[in-house]
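A short worksheet on the structure shown next.
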Amino acid sequence: MTKMLRGAVVAAALASFVPFVGAQAEVTELKIMAPAAPGGGWDQTARSMQQALQADKLVSNVQVLNVPGAGGTIGLAQFVNASKGDPHALIVGGYVMVGAIITNKSPVTLSQVTPIARLTGEFEAIAVPANSPLKSMADLVAALKADPSKVSWAGGSAGGTDHIAAGLILKAIGGDPKKLNYIAFSGGGESLASILGGKVTAGISSLSEYDAQAKAGKLRILGVSSAKRLPEAPDVPTFKESGVDVEIQNWRMVAAAPGITPEQKKELSEVVEKMAKSKAWTDMLKQKGWADTYLAGEAFDKQLAADIAATTTVLKEIGLAQ
Amino acid sequence: MSDPTPATSGSKPDKARFVIALALAVLAAVIGCEAWRLAAIPSYTAVGPAAFPTLIAIGLGLLAIANAVEAMKGVEEERPRDEVRPIVWVLAGLVGQIVLLPFAGFSIATGWLFAATAKGFGRGPVWAHFLAGAALCFVIYVIFAKGLQLSLPAGPLERLI
Amino acid sequence: MDTFGALAQGLMVALQPMNLVFAFFGVMLGTAVGVLPGIGPALTVALLLPITFKLDPAGSLIMFAGIYYGGMYGGSTASILLNTPGESSSIVTALEGNKMARAGRGGPALATAAIGSFVAGTIATIGLALIAPTVVDIAISFGPEDYFALMILAFTTVSAAFGSSVTRGLTSLFIGLSLGLVGIDLQSGQARVSFGVPDLLDGVEVTTLAVALFAIGETLSVAAAGSRAEEVIEPVRGSVFMNKEDWKRSWWPWIRGTFLGFPIGAMPAGGAEIPTFLSYALEKRLCKKPDEFGNGAIEGVAGPEAANNAAAAGVLVPLLTLGLPTSATAAIMLAGFQQYGMNPGPLLFATNPDLVWGLIASLFIANVMLLILNLPLVGMWVRLLAIPRPWLYGGILVFATLGTLGANPSLVELGMLLIFGLLGYVLRRYDYPIAPVVVGLILGPLAEQQLRRALAISVGDPVVLFQSPIALTLYALAALALFGPLLFYLITGRKAPVGGDED
Chain A
47 MTKMLRGAVV AAALASFVPF VGAQAEVTEL KIMAPAAPGG GWDQTARSMQ
97 QALQADKLVS NVQVLNVPGA GGTIGLAQFV NASKGDPHAL IVGGYVMVGA
147 IITNKSPVTL SQVTPIARLT GEFEAIAVPA NSPLKSMADL VAALKADPSK
197 VSWAGGSAGG TDHIAAGLIL KAIGGDPKKL NYIAFSGGGE SLASILGGKV
247 TAGISSLSEY DAQAKAGKLR ILGVSSAKRL PEAPDVPTFK ESGVDVEIQN
297 WRMVAAAPGI TPEQKKELSE VVEKMAKSKA WTDMLKQKGW ADTYLAGEAF
347 DKQLAADIAA TTTVLKEIGL AQ
Chain B
-18 MSDPTPATSG SKPDKARFVI ALALAVLAAV IGCEAWRLAA IPSYTAVGPA
32 AFPTLIAIGL GLLAIANAVE AMKGVEEERP RDEVRPIVWV LAGLVGQIVL
82 LPFAGFSIAT GWLFAATAKG FGRGPVWAHF LAGAALCFVI YVIFAKGLQL
132 SLPAGPLERL I
Chain C
316 MDTFGALAQG LMVALQPMNL VFAFFGVMLG TAVGVLPGIG PALTVALLLP
366 ITFKLDPAGS LIMFAGIYYG GMYGGSTASI LLNTPGESSS IVTALEGNKM
416 ARAGRGGPAL ATAAIGSFVA GTIATIGLAL IAPTVVDIAI SFGPEDYFAL
466 MILAFTTVSA AFGSSVTRGL TSLFIGLSLG LVGIDLQSGQ ARVSFGVPDL
516 LDGVEVTTLA VALFAIGETL SVAAAGSRAE EVIEPVRGSV FMNKEDWKRS
566 WWPWIRGTFL GFPIGAMPAG GAEIPTFLSY ALEKRLCKKP DEFGNGAIEG
616 VAGPEAANNA AAAGVLVPLL TLGLPTSATA AIMLAGFQQY GMNPGPLLFA
666 TNPDLVWGLI ASLFIANVML LILNLPLVGM WVRLLAIPRP WLYGGILVFA
716 TLGTLGANPS LVELGMLLIF GLLGYVLRRY DYPIAPVVVG LILGPLAEQQ
766 LRRALAISVG DPVVLFQSPI ALTLYALAAL ALFGPLLFYL ITGRKAPVGG
816 DED
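Protein chains in written order, with my numbering: chain A, 47 to 368; chain B, -18 to 142; chain C, 316 to 818.
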């Protein structure tokens, strides 16, 4: 009932902005859904896209619509139901959505939208207080092997990227992910304070959360989840270098509506690619400190499928999904 | 007298508070069931997601009993009779807004809310208040859309801009 | 130490004519959004970030400071006049403030809120400039077990301060605690009391509940009273401004509120709501005329208002000294810093002193500007209450739903507004206090999460709860709040000066 009503809101809204256009027409207008409240990461991505698209006159009329709630799954459900076949509708999403779909038992999944491209991403990092006895990833691994429950991890909400990454690490070194002693915090500031105050053994979150503290000598970063060392922290080894086979990226992507024609998909992909290569967009990424991890086409589809499979497995092993 | 609570002296049990006690008992049962369901899900943490719901359900159960006992003591003081008609108007305004919002848009739906509330407080005619309310809300819509770039639900009126 | 030199330098930056214009624009915008429930400074700054990027860093940070403080003023104005708390930190203000407004004392209520906010904001900003590094060390040393003790203190003091009947007060509190369970449990990721409705997974929004219980519940009960209620509320009875007695009664609550708000606001998990609760409870206890509480006691406006403004400055302590964003607004301001290539964190004071001091200076400016703008407007604001009731209440409902829709255009959210509004009406009708419901919703989840964090870190050992000296001190205070009056009676044989003695 409510879903129908909500669907109707969007349908009505879309009807106004989307006159029926043939498949061959240029993309003149776009409606980007940010499945989050204004101000959050996905909203900022959507609004940055809006700016970049309009700055370079790629698309003259771009609207952003916020539908917050439940890790993006409410917006996703509304998008799938109301935008079917609409070549002017886009949705911003991210890796967090993959986990949220599984843990919230969402009736719609990412397989129901048409992924266009991965735009940006952040890598996870593990940090300990400067006075911690753990000096390297190897020390942490040793502590985990001795007794995983004695190692407390601070990170974001349960089932989020941080939790998944911690679970993957414990699994990779042969531990039981169920014994992961993960302490969830609702805000970055609060979890960072608990690490700085030495209340927890280690923290796991995106590198940008810890970077400034590490540069000031208050935190030590043990490793990052990227494939290669990162330019922001060239001295920090990757997990793989330290013998922990975990690679994870908290990415953000853009997807189109379900049921659009291959031509329409191609057109939207071209627009997004042009945007991702534009100066306006790259400037914006630099300004916000977001890494350019653009990936499109089949390569992205493959990566997405792999991420979904790995996440499903680890969430089951942590005990968050059945 | 359509009042559900007879406003008589202290000897009669207070029916309204019995109803509240019953509602609390139902709430306790609902949360108790949730706690029971959550307790069945294996979790490694020392205090799981079921602990607090259990405590709250117990607390609600005790409060249901306490409220029932106080209800037995009777009505403490006379409650003045409430008028039903104005409440119905205000509720009609709020429900109407929810129903109208998806297709009529923010201005019309909220204009109706304004008119119905004014009517509930004894001021008509509804249509004049509706027009004034809708016009006001349209201005608010424009300010939000242009000034803050926030999209409130749009309808036929909002699509004109 | 060249703190004062740096501050003077900052003031020079903030006092440039163009920056004053930005500050003015900021405080006006902040007040406007602060008035709307659901839409607050965080959301506004977030939406303005892309626009302000074209401005110079100093100008836009000054504007953000104006929005930040302006939001606090706007929130309390709406609480006092319309009983519609614009921000969660001004919920307590509505309790006494709206009662005052209805008794024709809206002028003094607004004035004590504005001046109290100014006094608290100024003291707290000085604190921010001078002792931030010391305060932050203490704040960081708070662990989950200490926060849990703080919640226990808040529960005991607050429950002692609400309502005359224990059964009714606890009933309201437990309704709030039940609502606090709704949504995904942060620690385990399990959905609780959500019945498979995706819109409930994020829980019940505090402002939605507060606005529904206060504004909509009240609209319903006034409507129900029909001809019993007066047609027009008299907006001014006596002086529009504060009289001598008002000043005398406001002064100490301002100071006490400031000293509750600033340190708790500086704690990473402190927030601005808890100090307002504590301040309200404290003022009720210390007030010479406790009977007035619940009927419009000026102390109940002065204290909490000072507390929430001091907390707003306190939040900037971890932000500026450590780069820790501990509130939504702080997180957005951090994004603002980053936009200008500043490295937020412990080095900010060293690498960008001009901007940090410029920001601190602009907080002063915003505060002064808000006071100058708000005091003359008090007379105009209270005239709002002279609007005939049909239009006043129609407007209040438009307002309440607008705020909710702006933040989250969801019909489920509007449905909750309606249901909680009815709950508010029923509670009022049968003499159950309203405030404990909101207190339960705010404190319940905090207490639960902190307790579970503490026990998870200690791997289930409950001894951890009673090991830290901070926690023990807080428990002692809680015990004092609970048994203090009894002890006083036992020792002196006299009833404690709490329950209404003659002065």
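Positions of the beta carbon are idealized from the N, C-alpha and C atoms, including for glycine. Every value quoted in this text rests on a predicted model; they were computed, and no experiment measured them.
Out of curiosity, what's the CA-to-CA distance linking alanine 627 of chain C and tyrosine 384 of chain C? Working through the third sequence from its first residue, we reach residue 627 of chain C at position 312. Working through the third sequence from its first residue, we reach residue 384 of chain C at position 69. So the two alpha carbons sit approximately 8 Å from each other.
Counting only the same chain and skipping the five closest in sequence on each side, list residues whose C-beta sits under 8 Å from that of glycine 87 of chain A. Walking along the first sequence from the start, residue 87 of chain A turns up at place 41. Excluding positions up to five away in sequence, the list reads Gly140 and Arg298.
Taking the CB atoms as reference points, tell me whether asparagine 682 of chain C and phenylalanine 433 of chain C lie closer together than 8 Å. For the purposes of this step, residue 682 of chain C is taken as the residue at position 367 of the third sequence. For the purposes of this step, residue 433 of chain C is taken as the residue at position 118 of the third sequence. Contact flag set, yes.
By the three-class DSSP mapping on this structure, what secondary structure does glutamate 614 of chain C have? Here the question's residue 614 of chain C lines up with position 299 in the third sequence. Here glutamate 614 of chain C sits in helix by DSSP.
CA nearest to the CA of arginine 768 of chain C, picked from C:Ala469, C:Glu460 and C:Gly381: Mapped onto the third sequence, residue 768 of chain C falls at position 453. Answer by Cα proximity: C:Glu460.
CA-CA distance, serine 594 of chain C and lysine 264 of chain A? Stepping through the third sequence from its first residue, residue 594 of chain C is reached at position 279. Stepping through the first sequence from its first residue, residue 264 of chain A is reached at position 218. In a straight line, the C-alpha of serine 594 of chain C is about 35 Å away from that of lysine 264 of chain A.
Excluding the five sequence neighbours on either side, which residues of its own chain have a C-beta within less than 6 Å of the C-beta of serine 391 of chain C, listed in chain order? In the third sequence, counting from the first residue as 1, residue 391 of chain C sits at position 76. Answer for serine 391 of chain C: Ser405, Thr408, Ala428 and Glu620, listed in chain order.
Cutoff 8 Å: alanine 525 of chain C Cβ touching any chain B Cβ: By 1-based counting over the third sequence, the position of residue 525 of chain C is 210. Chain B contact via Cβ: absent.
Between the CA atoms of aspartate -5 of chain B and glutamate 58 of chain B - distance to the nearest angstrom: As a working note, residue 58 of chain B is residue 77 in the second sequence. As a working note, residue -5 of chain B is residue 14 in the second sequence. Whole-angstrom Cα-Cα distance: 10 Å.
Note down, in chain order, each residue of its chain lying with its Cβ closer than 6 Å to the Cβ of leucine 376 of chain C, except the 5 sequence neighbours on either side. Here residue 376 of chain C corresponds to residue number 61 of the third sequence, with the count starting at 1. Within the same chain, leucine 376 of chain C has close Cβ partners Leu674.
Within its chain, find whatever has a CB closer than 8 Å to the CB of aspartate 500 of chain C; leave out the 5 residues flanking it on each side and keep chain order. What you label residue 500 of chain C is simply residue 185 of the third sequence in a count that begins at 1. Closer than 8 Å at Cβ, skipping near neighbours: Ala506 and Arg507.
With a threshold of 6 Å on Cβ separation, who are the neighbours of threonine 636 of chain C within its own chain once the five nearest residues in sequence on each side are excluded? Mapped onto the third sequence, residue 636 of chain C falls at position 321. Counting only Cβ-Cβ distances below 6 Å, and skipping sequence neighbours, we find Ala447, Pro448 and Val451.
What does a CB cutoff of less than 7 Å around serine 536 of chain C pick up in its chain, not counting 5 residues either side in sequence? Position 221 of the third sequence, counted from the start, is the residue given in the question as residue 536 of chain C. For serine 536 of chain C, where only same-chain residues beyond five positions count, the Cβ hits under 7 Å are Tyr740, Arg743 and Arg744.
Please determine if the stretch 719 to 726 of chain C and the stretch 352 to 366 of chain C are in contact, where contact requires at least 3 C-beta pairs separated by less than 8 Å. yes
Determine the direct distance from the alpha carbon of glutamate 588 of chain C to that of methionine 648 of chain C, and round the result to whole angstroms. Counting from 1 along the third sequence, the entry for residue 648 of chain C is found at position 333. Counting from 1 along the third sequence, the entry for residue 588 of chain C is found at position 273. Roughly 20 Å between the two C-alpha positions.
Only counting runs of 3 or more residues, tell me where the beta strand (DSSP E) segments fall wholly within the stretch 490 to 578 of chain C, in order along the chain. none
Any beta-carbon of chain C closer than 8 Å to the one on threonine 35 of chain B? Here residue 35 of chain B is taken as the residue at index 54 of the second sequence, counted from 1. Chain C, which has no Cβ nearer than 8 Å to the Cβ of threonine 35 of chain B, makes this no.
Could you confirm whether any beta carbon from chain C is found closer than 8 Å to the beta carbon of asparagine 227 of chain A? On the first sequence, residue 227 of chain A is found 181 positions in, with the first residue counted as 1. Judged by the 8 Å Cβ criterion, asparagine 227 of chain A is in contact with chain C.
Does any CB atom of chain C fall closer than 8 Å to the CB of proline 106 of chain B? What you label residue 106 of chain B is simply residue 125 of the second sequence in a count that begins at 1. Output row for proline 106 of chain B: interface = no.
With a threshold of 8 Å between beta-carbons, can alanine 538 of chain C be considered close to chain B, or not? As a position in the third sequence, residue 538 of chain C is number 223, starting the count at 1. Alanine 538 of chain C counts as touching chain B.
Please report the distance separating the alpha-carbon of serine 272 of chain A from that of glutamate 293 of chain A. Mapped onto the first sequence, residue 272 of chain A falls at position 226. Mapped onto the first sequence, residue 293 of chain A falls at position 247. Cα to Cα, the separation comes out at about 6 Å.
Does the distance from the C-beta atom of threonine 486 of chain C to that of leucine 44 of chain B stay below 8 Å? Here residue 486 of chain C refers to the residue found at position 171 of the third sequence. Here residue 44 of chain B refers to the residue found at position 63 of the second sequence. Going by C-beta atoms, threonine 486 of chain C is nearer than 8 Å to leucine 44 of chain B.
In chain order, what residues of the same chain have a beta carbon less than 8 Å from the beta carbon of glycine 532 of chain C, not counting five sequence neighbours either side? For the purposes of this step, residue 532 of chain C is identified with residue 217 of the third sequence, where counting begins at 1. If we look at glycine 532 of chain C and ignore the five residues flanking it on each side, its Cβ neighbours are Phe735, Gly736, Leu737, Leu738, Gly739, Tyr740, Leu742, Arg743 and Ile749.
Just to confirm the assignment, what range does the alpha helix (DSSP H) spanning glycine 140 of chain A have? Locating residue 140 of chain A in the first sequence gives position 94, counting from the first residue. Looking at the DSSP string, glycine 140 of chain A is not in any alpha helix (DSSP H); the run it does join, the beta strand (DSSP E), is 135 to 140.
Could you run through the stretch 119 to 131 of chain A and flag, in chain order, every residue whose CB is less than 8 Å away from some CB of chain C? Thr119, Ile120 and Ala123
Measure from the C-beta of arginine 768 of chain C to each C-beta in chain A and report whether the shortest distance is under 8 Å. In the third sequence, the residue the question calls residue 768 of chain C occupies position 453. Yes, its Cβ sits closer than 8 Å to a Cβ of chain A.
Pull out every residue of the stretch 487 to 500 of chain C whose Cβ sits closer than 8 Å to any Cβ of chain B, in chain order. Phe489, Ile490, Leu492, Ser493, Leu496 and Asp500
How do the stretch 130 to 145 of chain A and the stretch 299 to 309 of chain A stand: do at least 3 beta-carbon pairs fall below 8 Å, yes or no? yes
Could you tell me whether the Cβ atoms of isoleucine 267 of chain A and alanine 279 of chain A are closer together than 8 Å? By 1-based counting over the first sequence, the position of residue 267 of chain A is 221. By 1-based counting over the first sequence, the position of residue 279 of chain A is 233. Closer than 8 Å, so yes.
Ordered along the chain, which non-local residues of its own chain (more than five positions away) have a Cβ less than 7 Å from that of alanine 52 of chain B? As a first step, residue 52 of chain B must be located in the second sequence, where it is residue number 71. Cβ neighbours of alanine 52 of chain B beyond the five flanking positions: Pro(-6), Asp(-5), Arg(-2), Phe(-1) and Ala2.
Between leucine 465 of chain C and the rest of its own chain, which residues show a CB-CB distance below 6 Å, the 5 nearest in sequence each way excluded? Residue mapping note: residue 465 of chain C aligns to position 150 of the third sequence, counting from 1. For leucine 465 of chain C, where only same-chain residues beyond five positions count, the Cβ hits under 6 Å are Leu789.
How would you write the range of the alpha helix (DSSP H) that tryptophan 336 of chain A sits in, first residue to last? Sequence index remark: in the first sequence, residue 336 of chain A carries index 290 (1-based). Where tryptophan 336 of chain A is concerned, there is no enclosing alpha helix (DSSP H), given that its DSSP letter is neither H nor E.
Under 8 Å, Cβ to Cβ, is there at least one residue of chain C near leucine 138 of chain B? Indexing the second sequence from 1 puts residue 138 of chain B at position 157. Cβ-Cβ to chain C under 8 Å: no for leucine 138 of chain B.
Boundaries (first-last residue) of the alpha helix (DSSP H) holding glutamine 97 of chain A: For this step, residue 97 of chain A is matched to residue 51 along the first sequence. 87 to 101 is the span of the alpha helix (DSSP H), which, as asked, contains glutamine 97 of chain A.
CA-CA distance, leucine 397 of chain C and isoleucine 364 of chain A? One-based indexing of the third sequence puts residue 397 of chain C at position 82. One-based indexing of the first sequence puts residue 364 of chain A at position 318. Answer to the nearest angstrom: the Cα atoms are 48 Å apart.
If we cut at 8 Å on Cβ distances, does threonine 149 of chain A have a partner in chain C? Position 103 of the first sequence holds residue 149 of chain A. For threonine 149 of chain A, the answer is yes, since a Cβ of chain C falls inside 8 Å of its Cβ.
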